[in-house]
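Peer 1:
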Amino acid sequence: MQIKFTKMHGCANDYIYINCLDGMPFDPNELAKVMSPRHFSVGADGVVCICASDVADAKMRMFNLDGSEGKMCGNAIRCVGKYLYDNGICQKEEITIETLSGIKTLALHVEDGAVASVTVQMGQATFEPKLIPIDDTEPAILKEIEVAGKTWKTTAVSMGNPHSVIVTEGIDALDLEKIGPEFENLPYFPERVNTEFIEVVDRRHIKMRVWERGSGETYACGTGACGSVAACVKNGFLDANEQVAVDLIGGTLYIKCCDNFDIEMTGPAKKVYEGIFEYEN
Ligand SMILES: N[C@@H](CCC[C@H](N)C(=O)O)C(=O)O
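The numbers in full-length UniProt numbering rise by one with no breaks, and the one at position 123 of the sequence shown is 123.
1) May I ask whether a heavy atom of ligand 1 can be found less than 8 Å away from the beta carbon of Pro25?
2) Would you kindly work out how many angstroms separate the C-alpha atoms of Asn13 and Asp45, rounded to a whole number?
3) Taking the alpha-carbon of Ala231 as reference, which of Arg213, Thr266, Ser215, Thr195 has the nearest alpha-carbon?
4) Can you pull the DSSP bridge partners for Met1?
5) Are Leu108 and Gly88 touching if we call contact CB-CB under 9 Å?
6) Candidates Ala114, Ile95, Cys221: which alpha carbon is nearest Thr105's?
7) In angstroms with no decimal places, state the Cα-to-Cα distance between Glu146 and Val157.
8) Pro25 by DSSP, collapsed to three states: which one?
9) For Tyr15, count the other beta carbons within 10 Å of its own beta carbon; 16 or more makes it buried, fewer makes it exposed. Which is it?
10) Taking the alpha-carbon positions, what's the Pro28 to Gly67 distance?
11) Answer yes or no: the CB of Met208 versus the heavy atoms of ligand 1, is any distance below 8 Å?
12) Where Glu199 and Asn241 are concerned, what is the direct C-alpha to C-alpha distance, given to the nearest angstrom?
13) Alpha carbon to alpha carbon, how far is Leu31 from Phe63? Give it in angstroms, no decimals.
14) Tell me which residue opens and which closes the alpha helix (DSSP H) that Ala56 is part of.
15) Hey, Thr99 and Met72 are a contact pair by Cβ (cut 8 Å); roughly how many whole angstroms apart?
16) Please confirm whether Cys257 and Val233 have their CB atoms less than 9 Å apart.
17) Give the DSSP-derived three-state secondary structure of Ile134 in the structure shown.
18) Following a CB-centred definition, is Lys7 positioned closer than 8 Å to any heavy atom of ligand 1?
19) Short of 6 Å in beta carbon distance, which residues of its chain neighbour Thr266, apart from the five on each side in sequence? Order them along the chain.
20) If you compare alpha carbons, which of Ala245, Glu212, Asp22 is closest to Glu264?
21) Does the beta-carbon of Glu212, which I'm using as the reference point, lie nearer than 8 Å to any heavy atom of ligand 1?
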């Protein structure tokens with residue numbers, strides 16, 4: 001079977017985008033496992049299928065490198081907006097996308113006829129699973145966990161998908177290939193977890209590295225950046241209603257967390273190339 005695809009990325013969190021508006025003639029979990037491995041195949045952090053929706057302009061389904069399905073992907077949803085606009089499928093500057101964690105509204109920022117960046121209303125961050133007691137009158141109490149012989153403080157946040165946010169120092173030196181899998185598979189998170197390692201630079205600026213559930217270390221994670229800013233606001237490191245720059249290996253995302261923890265994310269969306277994959281299934 002020949003599968004036409006477009007390689008795109010948001011802050012170097014790269015996925016293989018497949019137009020499934022007329023149907024999906026393959027098993028997407030299996031396809032993600034075949035197309036994603038770097039050096040042996042197309043190579044990406046996973047596969048994103050752009051599907052028809054009855055309730056929004058389109059539906060996004062995203063699959064991690066290991067074939068597992070994610071409920072939401074902040075970097076991919078911006079690229080889906082760009083794909084729909086630039087290909088003349090939906091040429092509105094405000095569009096809606098259905099995801100497994102609800103319908104998201106996107107504002108597309110168009111330059112020279114093509115989408116350059118996108119602002120997404122990501123919905124509300126919630127402090128779940130309730131790994132830590134949350135008292136609205138006090139900063140969140142960070143849960144102490146033991147991983148790789150060290151004590152870390154984590155705040156669990158859901159952006160529709162699960163995140164464990166760790167504020168620490170010296171994130172550039174962390175050996176994520178070694179410690180990442182231990183965090184991903186902590187018993188607190190039966191569905192595994194995405195883990196963000198954060199350094200607070202100042203009240204408008206943080207640095208982040210991420211170990212993603214199902215994909216390993218990626219150069220950026222949109223939902224992770226949103227969850228991290230929410231956790232930092234909850235714990236008093238950052239202020240609500242201010243735009244915060246989140247520096248990732250692959251670029252910068254701008255995140256605003258409102259008083260009620262509704263989150264807005266702005267970042268780039270880039271197309272790299274189109275191709276045809278010969279799928280021997
Ligand atoms: N890179 C993503 C998140 C992808 C899904 C995640 N690995 C999960 O399984 O929850 C983003 O930009 O948000």
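The beta-carbon is built from N, C-alpha and C at its ideal position, and this holds for glycine as well. Only a predicted model underlies this, so the values are computations on that prediction, with no experimental measurement involved.
Peer 2: From the atom records:
1) Distance from the C-beta of Pro25 to the nearest heavy atom of ligand 1 is not below 8 Å.
2) Distance between the alpha carbons of Asn13 and Asp45 is about 7 Å.
3) When only C-alpha atoms are compared, the closest one is Thr195.
4) Paired residues: none, contrary to the question.
5) No, the Cβ-Cβ distance between Leu108 and Gly88 is not below 9 Å.
6) Scanning Ala114, Ile95, Cys221 for the CA closest to the CA of Thr105 turns up Ile95.
7) Roughly 19 Å between the two C-alpha positions.
8) In the three-state reduction of the DSSP assignment, Pro25 falls in the coil class.
9) Classification of Tyr15: buried, given that the 10 Å Cβ count is 16 or more.
10) A direct Cα-Cα distance of roughly 8 Å separates Pro28 from Gly67.
11) For ligand 1, no non-hydrogen atom lies closer than 8 Å to the CB of Met208.
12) The alpha-carbon atoms of Glu199 and Asn241 are separated by roughly 20 Å.
13) Whole-angstrom Cα-Cα distance: 9 Å.
14) For Ala56, no alpha helix (DSSP H) encloses it, and the DSSP letter there is neither H nor E.
15) Confirmed, Cβ separation roughly 5 Å.
16) Taking 9 Å as the Cβ cut-off, Cys257 and Val233 qualify as a contacting pair.
17) For Ile134, the pLDDT reaches just 46, beneath the cut-off of 50, and the residue's location in the model is therefore unreliable, leaving the point undetermined.
18) No, the beta carbon of Lys7 sits no closer than 8 Å to any heavy atom of ligand 1.
19) Cβ neighbours of Thr266 beyond the five flanking positions: Thr119, Tyr254.
20) Cα-wise, what sits closest to Glu264 is Ala245.
21) Within the cutoff, so yes.
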